[in-house]
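Written out below as structure tokens is the structure these notes cover.
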Amino acid sequence: MTIFPVSGHDAWTKTYDLNFREDGLNVYEWMLTHSRREQNVLAVFDLKFSAKENNGTTSLNWNTSRELNNLGFSVERSSDGNKFDSLAFISSQGEKGGNYSFTDTYPESGQNFYRLKVFESTGKITFSNVVRVDIRNTTNKVSIYPNPVSSTMNFQTNYNPGNAVLRIFDVSGRAVMEKTISGSGNHSIPLNLPSGMYSAILLENGRMAFKQSFIKN
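Quick note, the sequence shown lines up with residues 110 to 326 if you use my numbering.
Put into structure tokens, the structure is as follows:
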């Protein structure tokens with residue numbers, strides 16, 4: 110629609126006359142056809158994400174050239190490439206973007222898959238590409254046994270974790286038990302819990318260092 114035709118009449122008066130139509134539309138009907146639509150605007154631009162093994166740990170690096178409405182990144186890890194768990198949250202450096210890094214100090218032996226979960230201030234969530242790192246040997250070992258557990262769970266570690274808390278979660282994600290872990294070796298933990306499936310997560314300085322599912326008989 111030509112809003113200001115040049116046929117000699119007063120463009121403003123003619124255009125806003127409801128009886129005046131061009132291409133079958135008056136000006137208000139034309140405006141409705143050009144109403145604001147939701148735009149698929151990226152929160153981060155030129156996101157490059159990579160990971161590599163580094164002496165039994167995983168070094169993660171990513172950078173962006175620009176960021177809009179980005180709150181930050183959740184670093185996620187998976188052992189099968191399907192179900193991911195959050196390791197840490199890294200806040201955005203602002204609209205100009207920047208360089209970011211994170212070290213997974215306690216990756217799982219074998220395959221480790223990583224991705225970034227991008228949180229926008231609008232509530233929208235997007236994901237980066239998935240990268241894989243193979244860890245053949247890890248210096249720090251953590252294990253839970255036996256599995257299934259009857260009444261006592263043994264938590265075994267060959268190092269002294271710092272500021273560590275072991276939390277037990279049920280299948281709904283509700284924390285049902287918590288125990289401070291100090292010192293290496295075996296920690297015998299009585300479990301007064303109903304039978305079912307649970308997850309044990311070791312947090313060191315607020316970051317997930319270990320996770321294992323187990324069955325309580």
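Glycine residues also receive a C-beta, built at the ideal position from the N, C-alpha and C atoms.
query	result
Contact check, residue 176 vs residue 223, beta carbons under 8 angstroms	no
Check whether residue 213 and residue 166 have beta carbons under 8 angstroms apart	yes
Residue 210 CB to nearest heavy atom of the ligand SAH below 7 angstroms	For the structure depicted, the ligand SAH is absent and the ligand set is empty, with no information on it obtainable.
Residue 321 versus residue 298: straight-line alpha-carbon distance, rounded	15 angstroms
Cut-off 7 angstroms between Cβ atoms - residues of its own chain near residue 220, not counting five sequence neighbours on either side	188, 241, 243
Straight-line Cα distance separating residue 235 from residue 149	Only weak support exists for where residue 149 lies, its pLDDT of 49 falling under 50; the coordinates are left without a value.
Cut-off 7 angstroms between Cβ atoms - residues of its own chain near residue 313, not counting five sequence neighbours on either side	270, 271, 272, 273
Nearest-angstrom beta carbon gap, residue 304 and residue 361 [assumed within contact, 8 angstroms]	With the chain represented from 110 up to 326, any question about residue 361 goes unanswered, as that position is not in the structure.
Burial state of residue 268 (16 or more Cβ within 10 Å)	exposed
Bridge partner(s) assigned by DSSP for residue 239	DSSP output for residue 239 lists no bridge partner at all.
Cβ pair residue 333, residue 208 closer than 8 angstroms	Only positions 110 to 326 of the chain appear in the structure, and residue 333 is not among them; the question remains open.
Rounded separation between residue 178 and residue 169 - CA only	23 angstroms
C-alpha gap between residue 210 and residue 161, whole angstroms	12 angstroms
Presumed contact (8 angstroms Cβ cut-off) between residue 251 and residue 311, rounded CB distance	6 angstroms
Cβ neighbour criterion (16 or more within 10 Å) applied to residue 284	exposed
Spatial distance of residue 306 from residue 323 (CA atoms)	6 angstroms
Close Cβ partners of residue 278 (< 6 angstroms) along its chain, the five nearest in sequence each way excluded	284, 308
Nearest-angstrom Cα separation, counted from residue 129 out to residue 192	60 angstroms
Rounded straight-line distance, which links the Cα of residue 238 to that of residue 158	7 angstroms
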